[in-house]
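So our numbering is basically just the index in the sequence shown, starting at one, shifted up by 25.
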Amino acid sequence: MTVRRALLAVLPLVAVLSACDRGNPPSEQLESAAEALVAEVDGESLPPQPTGPYAPRDECLDQPGAGEFLAALRTAAASRDTEAVVALAAEDIYLDFGGGAGRDELRARLNGEDDYLWLALDDVLTLGCASDGATMTLPWYFAQTIPVDPFEGLIVTGEDVPMYAAADPASDLVARFSWDVVTLTAYTTEPGDEFLPVGGTNPESGERVEGFMAMENLRSIIDYRIGAARRNGRWHMTSFIAGD
Numbered sequence: 026m027t028v029r030r031a032l033l034a035v036l037p038l039v040a041v042l043s044a045c046d047r048g049n050p051p052s053e054q055l056e057s058a059a060e061a062l063v064a065e066v067d068g069e070s071l072p073p074q075p076t077g078p079y080a081p082r083d084e085c086l087d088q089p090g091a092g093e094f095l096a097a098l099r100t101a102a103a104s105r106d107t108e109a110v111v112a113l114a115a116e117d118i119y120l121d122f123g124g125g126a127g128r129d130e131l132r133a134r135l136n137g138e139d140d141y142l143w144l145a146l147d148d149v150l151t152l153g154c155a156s157d158g159a160t161m162t163l164p165w166y167f168a169q170t171i172p173v174d175p176f177e178g179l180i181v182t183g184e185d186v187p188m189y190a191a192a193d194p195a196s197d198l199v200a201r202f203s204w205d206v207v208t209l210t211a212y213t214t215e216p217g218d219e220f221l222p223v224g225g226t227n228p229e230s231g232e233r234v235e236g237f238m239a240m241e242n243l244r245s246i247i248d249y250r251i252g253a254a255r256r257n258g259r260w261h262m263t264s265f266i267a268g269d
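Written out as structure tokens, the structure reads:
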């Protein structure tokens with residue numbers, strides 16, 4: 026997901042569900058469906074680790090059941106299977122800072138006309154996973170100490186991403202950043218802008234530099250993230266939220 030959206034905003038389960046006992050409450054049917062889904066998916070590794078201080082890292086796959094849970098969530102997201110995602114969520118999943126919560130609300134948002142939430146889910150699932158043993162946090166970087174104001178900070182999502190002297194790739198190259206953090210130096214953007222004015226520490230010289238970077242390579246520190254925890258012996262998403 027590009028920072029533009031963040032700035033402007035600040036295994037199908039049908040067959041599994043139909044096989045559930047129709048006398049069970051919907052929440053129990055979802056729990057059973059999620060267990061069946063996770064059981065069918067082998068554990069998987071995250072993509073090879075790129076370089077840079079905030080590059081995606083995996084600290085979760087050593088946790089029992091975490092690999093299967095993450096694989097099931099990626100499969101559900103890739104197939105745009107609302108019920109599969111809902112089945113992997115806690116009943117009280119936290120969705121915003123205004124009181125939005127719960128599986129029903131998550132279902133409604135995923136089924137909305139805008140695919141923004143699906144794109145956010147796709148994005149988060151590529152950015153690594155941090156774990157303290159009891160919980161998981163995606164992206165990995167969100168569980169780290171990043172020494173900038175989170176409202177101003179942007180993660181450079183790529184390796185050797187150029188910073189230019191002007192909002193033009195034909196302008197002079199100022200520096201290159203790999204999965205590092207920069208901060209906004211101005212807060213005004215216009216429709217159609219493809220670059221943002223940012224500043225950061227030059228990885229080579231250690232000096233402060235300022236310039237312009239492509240929006241497509243920047244992500245707000247407080248963009249969407251996922252929290253997960255074990256409940257009743259199984260992992261659930263406990264939050265899927267943006268902002269601070």
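All C-beta atoms, glycine included, are put in the ideal place defined by N, C-alpha and C.
Contact annotation: the region 230–241 touches the region 168–188, with at least three C-beta pairs closer than 8 Å. A distance below 8 Å separates the beta carbons of valine 223 and leucine 179. Cα atoms of arginine 134 and serine 230: separation of roughly 46 Å, rounded to the nearest angstrom. The C-alpha of tryptophan 260 lies about 23 Å from the C-alpha of asparagine 136.
Counting only the Cα atoms, proline 78 lies some 11 Å from threonine 170.
The C-beta distance from leucine 113 to alanine 126 rounds to 16 Å, too long to fall under 8 Å, and the pair is not in contact.
Burial check for asparagine 257: the Cβ neighbour count within 10 Å stays below 16, so the residue is exposed.
Collapsing the DSSP output to three states places glutamate 138 in coil. Shortest Cα-Cα distance from threonine 210 to any of Phe176, Val110 and Arg105 involves Phe176. According to the DSSP assignment, alanine 109 belongs to the alpha helix (DSSP H) that extends over 107–112. Annotation: the continuous alpha helix (DSSP H) that includes leucine 98 extends over 91–103. Listed in chain order, the alpha helix (DSSP H) elements of length 4 or more contained wholly in the region 165–222 amount to none. Restricting attention to Arg255, Met161 and Arg244, the CA atom closest to the CA of alanine 267 is found in Arg244.
Residue Ala200 holds the alpha-carbon nearest to the alpha-carbon of threonine 226 among Tyr212, Glu184, Pro81 and Ala200. Contact between valine 111 and arginine 132 holds: their C-beta atoms lie close to 5 Å from each other, under 8 Å. In this structure, glycine 158 keeps its C-beta atom at 8 Å or more from the C-beta atom of asparagine 242.
In this chain, the beta strand (DSSP E) harbouring methionine 161 covers 160–163.
When secondary structure is reduced to three states using DSSP, alanine 80 falls in the coil class, being assigned neither helix nor strand. Taking aspartate 147 as the centre and dropping the five residues before and after it, the same chain places the C-beta of Ala102 closer than 7 Å to its C-beta, in chain order.
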